[in-house]
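Read in order, the letters of the sequence shown are residues 1 to 154 in UniProt numbering. Positions of the beta carbon are idealized from the N, C-alpha and C atoms, including for glycine.
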Amino acid sequence: MKPQTNILFVCLGNICRSPMAEYIMRHKIKQAHLEDRVSIDSAGTSGWHDGEDMHKDTKKQLAKHQIDHFGFISRKVRKQDWDYFDYIIAMDNQNLKDLERLFGKNTEKLFNVTSLCPDLAYDHIPDPWYTGNFDETYQLLDQCCDVMLEKLTR
Ligand code: 4NP
């Protein structure tokens with residue numbers, strides 16, 4: 001692993017899926033004692049919720065799994081994110097398309113989170129803003145983050 005690896009999770013609103021991925025992944029990184037070597041952040045392609053906290057049901061879901069949910073501030077993806085982050089990980093195909101339009105294609109650095117877990121029932125993380133199913137979001141992201149941790153420590 002590089003001395004410092006920076007990971008950015010990206011969804012549309014940056015209040016439901018990517019904050020959940022951010023906090024789950026940070027939790028796993030802490031459990032693996034890698035917090036000095038891996039930093040995690042998240043952002044949205046839309047900027048619609050800039051400055052807001054994460055969705056209350058994302059918080060509830062994290063709390064249910066004894067994962068911290070404090071100190072979050074939603075933000076939009078920035079041009080400079082490309083140079084800073086080693087991995088930029090999208091929640092669905094539209095996020096990926098929007099990011100590729102902004103940054104160009106680079107399958108090593110920029111990919112869909114579900115590509116980490118090809119055996120899942122989905123090729124994207126269904127948006128709980130529309131489905132209301134935050135349990136499903138958690139279950140899917142937890143599996144993808146396990147594989148991301150494995151990828152980092154390999
Ligand atoms: P997220 O979900 O992309 O997982 O944060 C959404 C949050 C807000 C909206 C859409 C999706 N919205 O339309 O405001």
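Listed in chain order, the non-local C-beta contacts of F9 below 6 Å within the same chain comprise S18, A21, E22, S42, I89, local neighbours out to five positions each way being set aside. When the beta-carbon positions are compared, S74 and E52 come within less than 8 Å of each other. At the C-beta level, I29 and V38 come within 8 Å of one another. T58 is positioned such that its CB atom lies closer than 8 Å to that of C16. In the DSSP assignment, Y122 falls outside any beta strand (DSSP E), carrying neither H nor E.
A contact is defined here as three or more CB-CB pairs under 8 Å, and the stretch 136 to 144 meets this definition with respect to the stretch 106 to 121. Distances taken from the Cβ of R17 to the heavy atoms of the ligand 4NP include one shorter than 7 Å.
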